[in-house]
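Colleague:
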Amino acid sequence: MAVKTILQPISQPSRLQKMWQSTSIIFESRVATVGMAMVLFWVILAFLSLFWTPYDPNASDFLQNQGPSVQNWLGTDHLGRDILSRLMQGTQVILLKTRLPGDGGISIPGGVAIWGVIGSLSLGAILGLNAGYRGGWWDQVIMQVLDALIAFPQIVLYLVVIAALGQGDLVVILAITITGAPGVARLARSLAMDIKTRDYIRAAETRGESVWYIMFWEILPNARGPLLVDGMLRVGYAIFAIGTLGFLGIGLPPPDPDWGNMVNEARRNIFSNQLAVIWPALAISTLVIGLNLFADGLREEMTRYQK
Amino acid sequence: MTELKKTPPVLKLEDVAVAYKVRGGEIEAVQHVSFEINRGETLGIVGESGCGKSTLAWAVLNFLGNNGYVKRGSIKFQGQELVGVTGENLRRLRGDQIAMVYQDPMQALNPSMRLGDQMSEVLTVHRGMKKTEAEQRCMEMLDRVYMPDAANVMKRYPHQISGGQQQRVVIAMALLNDPALLIMDEPTTALDVTVEAAVLDLIADLRREFDTAIMYITHNLGVVARVSTRVAVMYAGELVERATVEEIYKNPRHPYTQGLIRCVPKLGADKARSVLYPIRGRVPPPNNRPVGCVFSPRCAFIQERCRDQRPQLRQLPDGSWVRCHFAEKIDPSSWTPYDEIKTPENLQRDLAGEPILEVKDLKKYYEVRGSSLKDVIGLGEKRYVKAVENASFQLTRGTTLGVVGESGCGKSTLIKTIIGLEDTTSGEAHFLGFDITNSIKDRDRSLIQELQMVFQNPDSTMNPSYTVGQQISRPMQHFKTVPKDQIRAEVIKLLDAMRLGANYYNRLPRQLSGGEKQRVGIARALASHPDLVLCDEPVSALDVSVQAAILNLLLEIQQEYNTTLVFIAHDLSVVRFFSDQVAVMYLGQVMEIGPAEDIYAPPYHPYSEALLSAVPIPDPTVKQKYIRLEGSVPSAINPPDGCRFHTRCPRRNLLPDGGKICETEIPPWREISAEHRIFCHLPIEILRDFAPVVTQSTEEI
Amino acid sequence: MKKPVITKYDMEKIHPAIPDAYQKFEEGRISRREFLRFSTLLGMSAAAAQFLAACSTPTEEAAPVEEAAPTGGIKRGGTWTSSMQLQLLDHPARLSWVEGANIVRQICEYLTQTGTDNITRPYLLEKWEASDDVKTWDLYLRQGIKFNNGDELSADDVLFTFGEWLNPDVGSSMLGLMSYLSGMQDVEKVDDYHVKLHLQFGDIAVPEHLFHYPAVVLHRDFEGDIIKQPVGTGAFTLEEYAEGERAVFKRREDYWQLGEDGDPLPYLDELIYVSTDKDAGVAALQSGQVDALYDPRPTDFQALQGVEGLRITPASTAQCLLGRMRVDLEPWDDVRVRNALKMCQDRAKILQLAYFGEGDLSLDAHVAPVHPEYCEKDIPAYDPEGAKALLEEYAAEKGIELPLKVTLATKNDQAEPEIAQALKELAAPAGFEIELDITEPAGYWDRWTEVDLGITSWTHRPLATMVLPLAYTKEAIGAWNETRWTDDEFEEILREAQGTLDVEARRALMCKIEDIMQERGPIFNSFWKSVWNVTNEKFQNIKAHPTAYDLLYDVWKDE
Amino acid sequence: MARFIIRSIISTIVTMFLVSAALFFLIEVGSGDITVKILGVFSTPEQRASYRAQLGLDASAWQRYVDWLFGNDWRAERKVGYPLVTAVNPQTGEADWWADVDGELTRWQLDEGILMTLIRHEDGSATSHLSSGAWKTNTAGSEYFWGVDTKNNAVMWVRGEGAEVWALTKAGLRKEGDGPKQYIPLRKGLLRGDPGISLQYGRPVAVTLIARIRNTLVLAGVAFAIIMPLALFVGILAGINEGKPLDRIISITSLGFTATPEFVTGIFLILIFGIWLKVLPAVAIFTSADAIFQDPKLLALPVLTLTAVELGYVARMTRASMVEVMDSAYIRTAIIKGMPKSRVVFRHAIRNALMAPITIIMLHVNWLIGGLVVVEVIFGYPGLGYYIYKSAIFGDFNAVEAAAMVTVAIAIITRLLGDLAYTLLNPRIRYS
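Protein chains in written order, with the numbering used here: chain D, 1 to 307; chain C, 1 to 701; chain R, 1 to 559; chain L, 1 to 432.
1) Contact criterion: CB-CB distance below 8 Å. Does L/Y65 meet it with respect to chain D?
2) Please name the residue, chosen from R/E245, R/T120, R/L271, R/W256, that lies closest to R/D550 on a Cα-to-Cα basis.
3) Counting only beta-carbon atoms, is D/S120 nearer than 8 Å to chain L?
4) For C/E14, does the three-state DSSP call read helix, strand or coil?
5) Where do the N-terminal and C-terminal ends of the alpha helix (DSSP H) with C/C306 fall, by residue?
6) Chain D beta carbons: is any one of them nearer than 8 Å to that of C/H325?
7) Can you tell which of C/E304, C/M462, C/C324, C/G427 has the C-alpha that lies nearest to the C-alpha of C/Y365?
8) Assuming D/N65 and D/A276 make a contact with CB atoms under 8 Å, what is their CB distance in whole Å?
9) Who pairs with C/I261 in a beta bridge, going by DSSP?
10) Please report the distance separating the alpha-carbon of C/R644 from that of C/M139.
11) So the beta strand (DSSP E) C/Y384 belongs to, where does it begin and stop?
12) Find out if the Cβ-Cβ distance for the pair R/T547, R/V217 is shorter than 8 Å.
13) Give the interface partners of D/A203 over in chain C, defined as CB-CB distance under 8 Å, in chain order.
14) How do the segment 286-302 of chain C and the segment 11-30 of chain C stand: do at least 3 beta-carbon pairs fall below 8 Å, yes or no?
15) Do L/L301 and L/G338 have their C-beta atoms within less than 8 Å of each other?
16) Closer than 8 Å between beta carbons: that is the criterion. Which residues of the segment 133-150 of chain D meet it against chain L?
17) If I'm right that R/V134 touches R/D203 with Cβ under 8 Å, what's the distance once you round it to whole angstroms?
18) In terms of DSSP beta bridges, what is C/F703 paired with?
19) Just list the residues that DSSP pairs D/D56 with in beta bridges.
20) Is the beta carbon of L/I331 sitting closer than 8 Å to the one on L/V325?
21) Evaluate contact between the segment 231-244 of chain C and the segment 36-48 of chain C, counting only Cβ atoms and requiring at least three cross-stretch pairs below 8 Å.
22) Measure from the C-beta of R/R246 to each C-beta in chain L and report whether the shortest distance is under 8 Å.
23) Going along chain D in order, which residues have a C-beta closer than 7 Å to the C-beta of C/R445?
24) For the pair the segment 120-128 of chain D and the segment 72-92 of chain D, tell me if three or more CB-CB distances fall below 8 Å.
25) Quick one: using the 10 Å Cβ neighbour count with 16 as the cut-off for buried, is D/F51 buried or exposed?
26) Could you list which residues in chain D have their beta carbon closer than 9 Å to that of C/S407, in chain order?
27) Look at C/I419 and C/I440 and say whether their C-beta atoms are less than 8 Å apart.
28) Would C/R39 and C/V10 be called neighbours here (beta carbons separated by less than 8 Å)?
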């Protein structure tokens, strides 16, 4: 966690204490605490779904389009599948696993939204640091390219990428990376431009440190906080975007349930079961709101400490 | 206080306490403050940062934010209680009866409103004046604060005028309604010394002219001495001493006041003949103040009673007020330095020794882009900022070169060029015999290692992400000066030398005070055992008590390692105290260079003379020659031809036909002595005739 | 439409087989519908056949009469709006989608018309006559029909149209359909209103072929783009056609058919098709923004059921969502695997899940109950154990482990994903592990003939003998034979059936065909879809056509 | 100021070029062989190659990029030897290409090895003559002729010994001895307003696109006109009441709306207002091209959906900016000057507070376009977003590229406007 706390002079804190101190900032802010609770709720559900869901999420074991009942807490969908199980399973591919192409059905840990944001953060940070720190010609070129990328309406870029490369977890990751990177880069650039005026950067320069050392060891650790907060917001955007793509029918491929696609399917049965639309919509909203609150709270807390 | 108190004082504070609500409690930022200010009087409030000076100002205006409030006591304005006044009544007072000027004028002015609108609304709102009438008033007021071209300024936006002018606008705006009370919170701190002098003159004039009561807040003892009639010293939220300005400097009663005065160098003092004594420890945070006397942990005269009994502010027979149990008993002359303060010895330096750094005709120009269409597409005429022009000097091993000058004079660029952060446009520079006109990227690592730097801002000198140990050990790893397994020991050795100790090794910057950070910064610069250390204003962001400690530390180090220093500062007293040799820069040009004592005595360069006369001196008995520069510093993009100082030079008319030659011809170097040169058209004889700027009633320095 | 009048001419030239059929009909051995179909097939005008049938004492319940007599007085005027996707449209002969045909149909017309009762009748034709061996067909055109540019319809137009169909450069699917015509030399103009077809081999489906959706009659000067040159004999004229947006038609004043009031049809003033996707279309229909929705999906049917102001008319069809296996690829080259998968269908459950029970259960043969020659058989039961046994045998032989991993490709279109999901679950106990590869329709149509296991939608065709040659013969490889399955015995019987007029005889052949397909065929199919015509109930005389054709020339609107 | 504007414009142009290249080559690299899609999987490699040639896809990607951007008539003119011009075909209203042979608009046709010349008359009709055009002989010994065919291609016909080509027919391809061998499908290029032919609809993309752009601009414009004042108002209201209940309510509500996907909002708005209450048109049924002007109610639900999702975001930005400004030193000055609260807010704060959101809002326009795609799909609104969506799914690269360029242009132009608005609001830039 990139959060900082002000501490009165202390002796050597234990590792555990340190961890607690860095997380305790979350609980300083009510907003962040609420946000984290909402996010944790889904993360826990996601992990739980790895081992257990009430029923097989893809099995049509029940009557179709039933409302909530003791048996199916959130009801069933148009194929008679348990909605709760599907919602739970749906978290996996967003948060916990990415399915690699090929027949093996191999997944790597880390969901599509997570990898996409990691991608944007890495790419954006590299570009932004170079533009912000080096300035001049580097800055001009990088910013020009980023301007071009940022000019694409995100959904259009998604459509173009998916139209060009087809559906798949990795394609969605790539699309999230490409659409997110310019924003991250802008942030990283402005942070780098701010941080590079600090004297410790001068100190590193007068030591004759290499440009890459300065960018990644002197600047990046201090830009970490805002970048991570931004990343957290971006996970929210990514989930939103995945939902939208799923709704448009070009999102994450089956068999794993995709929240957006669940909305799309349920929409056709909206007269028999409005709740089937509401549940996945609520899932998207709460996760996004949670991430937003978490990020907002952290940011507020961090700026408070900076003051 | 010649006046009879027929009317109630303009402002009267009685046992005021101001508290801020924070998470998990409340902090009393200010407590037990009482004072009064009468018409035509300036009360200077001094103290180090974090003493609650500004809080006091906001409390008077009842502008303490959502979480602050006056917890106890009363604030009476012209007999009327201010505590508890809110809403419309409060609004009518603000800007009308009570006006305020504070530190950063650029921040204080609305960037998107014309200055005229910002000023005139004070009149239209409070006095219901018509717009045209109000503008007329504003222009008059601008004239009265000596603002050139007032009508034009009215139409401008804040960013279009200089900092000094902005501050004049803010002051004019504050005076528009002829307020009974003017609160000024560090109004000149962000300004250059010559501008500051002009603004301080203005404030003094205004007090006389308007008969206003002024509450003047500053950390600068020199400034207080110049503007105040009475002085209140604050420490840790409490008012510890209150007396007339003469009394305070001549006969400080409170140990804290005494300490403050002891730790600032007097103009003219040097390291060979005088010692700075820092106050030990640091100001306690508001939530952790001692039970007894707040100053007790740092007091040299501490007694048992001080520890558990809080002293009251009491009046001494001579009329001054002091918050000390033993004020009468303390004899400042009986004060002795603490054990841990080593007083450096044998500091006289030989300027004729082995030269370590030789700079000759060094130039640094920056290309600037114009804003015309031609420039945008790259066809425009190339223009340059001439940041450093023909700098030449020699530096002997183990000595200190002080560089002074106002902001934008090129002193920072000069050291950046030497250290290689900027490449050189032309000229020669040799360090240890190696050419250093190239950029640091092209320098050999072993050369880089010998040239290190100490920076100005303690808050940014350390990377917040790494521990003290990591940051000091990095140069050792980088230059491989110390074997890997010995790095830790070496770092701790350095920390000890910095008086920090091994337990600082794992601390993060945010756990350190400003002075401690600056020590780490010095340790880091010294980690590679450099021959030359460039210090860029290393103490100007520090409180005076800390500043003294750092200066002492540097001196000590210099002595121990025989390090050569280049020392940049805008505080002339500090430079005089610290340096063996001083260069005065103006607009990229070195105007005068020579041994420190020669610079501060005639013959002067006219610019050096003006600078010296502007320095605020923390001693009201001192007389300074009154020389004020006209106008503002010209742009470095198109510096004036001939002598760069000619547009503002007050001595030009000593030359035939008003100094025409200064406008066209570059002046010659006048060699006063082997080391002392002055860059001026004025003949040596005339220069020699200048009277000393600073005189103390009897003795001359 | 003109009142049916039986002319002497009709009775005179009656085909010798008709009396025989009539007897069977009277005896109850064939249904009224089958009789009608049979007799009109042989050239009897629909009116005459209906007259005959009406004269009889039918032993079965009365089949619905095609031109349902309108109740109450007709009204003229009004606009009919429908939601339907509008795509690229140029040469009608090249149409490959019904939506386009529904556009063209309003401007141009067919020589025949297959009614909602699955019986084909003459339309622009006065009548047709087939020789005994069904190799020579005489087509007699109605006289006095005018194109909307004023020209009169004549044999030249029909010949031109046949020319377009048979010209490989045009690329009409009619070319394959009419493989019995070797070229224009087989199409003979006898006189201005009489065209004779000389078939290379007999085929009974010629009248149905003439109502195949690309088979509209074109004007002899047609240059290849109906949007640029919207000339036809239809009841409406094209005002605007914007792909992906809308099509607007206006009433034609001089249409050849007369309404009940004696004035020319059509009753409606204006038709507007708006191009939306189905979901938007459903909402539009529910909120009353449009009056009809092209080919509602089962979920749409569900949503539209019970909506006030809408009339839903279902129709059984031979449309299906066909599971198809590439018999030239492993593991589907092994009949045991194919049959194992067929046994994994719990047809009733699949119908329920995918189509809300709105359809008829099916055999694993491409012959539907609505086909006249359908041979009724027992619907196979869900048998995972039997399937597992077959699979285990296969696996043992191949030395592989179960479950057998296969990928089922299909499109996210009608009910395919639901079928695929259901099948995946149903087939798991038998040892199949089915991975689903579901793409948007366009993505599937890119590769529909290439995937090894897929679900393809097949449209309705009036006769089983029309569909089987398209997909299960050697000639169809490289075209629509998506499974690459060929079977000599099957093809022989099929050819025989194609030349057999007698429905009962043909049904006997079809029994064999169904057996062969069930036993070793490449397809599995759980049900035949029902289609629904959903139209605002203000519109009268709406016909629910099994192929979702919009026949609007005699529809009127009650305000 | 002038410098700033010029820089912005130059940067915009550079950006557009970068975008066009990125777009073109991304689709180029990514999308598979479109000819398989059009000709079907049973087509042979030779047929596909020939069809690719007809579509001009056999040229290098770089060449096609230039053609796409600048057109290729100037390139074809050198081959044909006559100026190439367009003339409107009165039947279709679309422009056809002709060669201007000494004042006569001419095309050619190869019929059974015989070259025919078509001369265009004033009324748009054409008459056919036996061509007197001279065949040239190439190194391989066969004769060739460059001309304009009737399908708007510059074509090299080949005949004679060794000439063997796949003849194009509208449906399929046949191998013939004589025929067209090389094609340059004539186009004016994007910069001259011709994005080419839609592969999905077979008609010029420009024709469809213009109507779509108009519809989208109307929708986006109305939405923008409603969202912006409302969001700014709400944001400012929240900002000056920072920490108070009103601020809380506004902040939480706007976050809730922002986090609710537009497709969910849209679905429920349709259900409630369009179907249950039947007070507003459920979806955007365009029974005529001008439906939105005849029945503006069609816009209600799409605009409402967009508002719901965008309002919150802009309001949050404005609030943050307002809070920051209200916290600034100059607002402190204004208060200390004794200015009434209303004056502090309206005279001192708002202008400064609007600077940040305005640039962000303008940057946000491409987000709005993203929302438009979804909203247009849900409501079946025939706008640009729906067009891109449909074209992307079909793989109609001409349409996708043109439409995407339009969205990018809109985004960039609004950003430029945002920058300009910022300079107007911010005297620091205006007077420098």
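Using N, Cα and C, we set each Cβ at its ideal position, and we do this for glycine too.
These numbers come from a predicted model, not from an experiment.
Modeller: On the basis of the coordinates in this document:
1) Counted from its first residue, the fourth sequence places residue 65 of chain L at position 65. Judged by the 8 Å Cβ criterion, L/Y65 is not in contact with chain D.
2) Working through the third sequence from its first residue, we reach residue 550 of chain R at position 550. When each option's Cα is compared against that of R/D550, the closest is R/L271.
3) As a first step, residue 120 of chain D is located in the first sequence; it is residue number 120 there, counting from the start. Judged by the 8 Å Cβ criterion, D/S120 is not in contact with chain L.
4) Position 14 of the second sequence, counted from the start, is the residue given in the question as residue 14 of chain C. C/E14: strand per DSSP, three-state reduction.
5) For the purposes of this step, residue 306 of chain C is taken as the residue at position 306 of the second sequence. Looking at the DSSP string, the run of the alpha helix (DSSP H) that includes C/C306 is 304-308.
6) Counting from 1 along the second sequence, the entry for residue 325 of chain C is found at position 325. No, C/H325 lies away from the interface with chain D (no Cβ there is under 8 Å from its Cβ).
7) The sequence position of residue 365 of chain C within the second sequence is 365, counting from 1. Residue C/G427 is the option with its Cα nearest to C/Y365.
8) On the first sequence, position 65 is the one that residue 65 of chain D refers to. On the first sequence, position 276 is the one that residue 276 of chain D refers to. Correct: roughly 7 Å between the Cβ atoms.
9) Counting from one through the second sequence, the residue named residue 261 of chain C turns up at place 261. C/I261 pairs with nothing; no bridge assigned.
10) Within the second sequence, numbered from 1, the residue matching residue 644 of chain C stands at position 644. Within the second sequence, numbered from 1, the residue matching residue 139 of chain C stands at position 139. Distance between the alpha carbons of C/R644 and C/M139: 32 Å.
11) Numbered from 1 along the second sequence, position 384 holds the residue referred to as residue 384 of chain C. First-last of the beta strand (DSSP E) with C/Y384: 383-396.
12) For the purposes of this step, residue 547 of chain R is taken as residue 547 along the third sequence, with counting starting at 1. For the purposes of this step, residue 217 of chain R is taken as residue 217 along the third sequence, with counting starting at 1. Taking 8 Å as the Cβ cut-off, R/T547 and R/V217 do not qualify as a contacting pair.
13) Position 203 of the first sequence, counted from the first residue, corresponds to residue 203 of chain D. What D/A203 touches in chain C: M453, F455, T461, G521, R524, A525.
14) yes
15) Position 301 of the fourth sequence, counted from the first residue, corresponds to residue 301 of chain L. Position 338 of the fourth sequence, counted from the first residue, corresponds to residue 338 of chain L. Their beta carbons are not under 8 Å apart, which means L/L301 does not touch L/G338 by this criterion.
16) Q144, V145, D147, A148, L149, I150
17) As a first step, residue 134 of chain R is located in the third sequence; it is residue number 134 there, counting from the start. As a first step, residue 203 of chain R is located in the third sequence; it is residue number 203 there, counting from the start. Yes, they are in contact, since the Cβ atoms of R/V134 and R/D203 sit about 6 Å apart, within 8 Å.
18) Nothing about residue 703 of chain C can be reported from this structure: the residues present for chain C run from 1 to 701 only.
19) Counting from 1 along the first sequence, the entry for residue 56 of chain D is found at position 56. BP columns for D/D56 are empty, so no partner.
20) Start at 1 with the first residue of the fourth sequence, and residue 331 of chain L comes out as number 331. Start at 1 with the first residue of the fourth sequence, and residue 325 of chain L comes out as number 325. Yes, the Cβ-Cβ distance between L/I331 and L/V325 is below 8 Å.
21) yes
22) Along the third sequence, read from residue 1 onward, the residue named residue 246 of chain R stands at position 246. It does: the Cβ of R/R246 has a partner Cβ on chain L nearer than 8 Å.
23) Numbered from 1 along the second sequence, position 445 holds the residue referred to as residue 445 of chain C. Near C/R445 (Cβ distances below 7 Å), the residues of chain D are G208.
24) no
25) Translated into the one-based positions of the first sequence, residue 51 of chain D becomes position 51. D/F51 comes out exposed.
26) In the second sequence, residue 407 of chain C corresponds to position 407, counting from 1. Those within 9 Å of C/S407 in chain D number zero; the least Cβ separation is about 16 Å.
27) For this step, residue 419 of chain C is matched to residue 419 along the second sequence. For this step, residue 440 of chain C is matched to residue 440 along the second sequence. For C/I419 and C/I440, yes; Cβs fall inside 8 Å.
28) For the purposes of this step, residue 39 of chain C is identified with residue 39 of the second sequence, where counting begins at 1. For the purposes of this step, residue 10 of chain C is identified with residue 10 of the second sequence, where counting begins at 1. Against a cut-off of 8 Å, the Cβ pair of C/V10 and C/R39 comes out as a contact.
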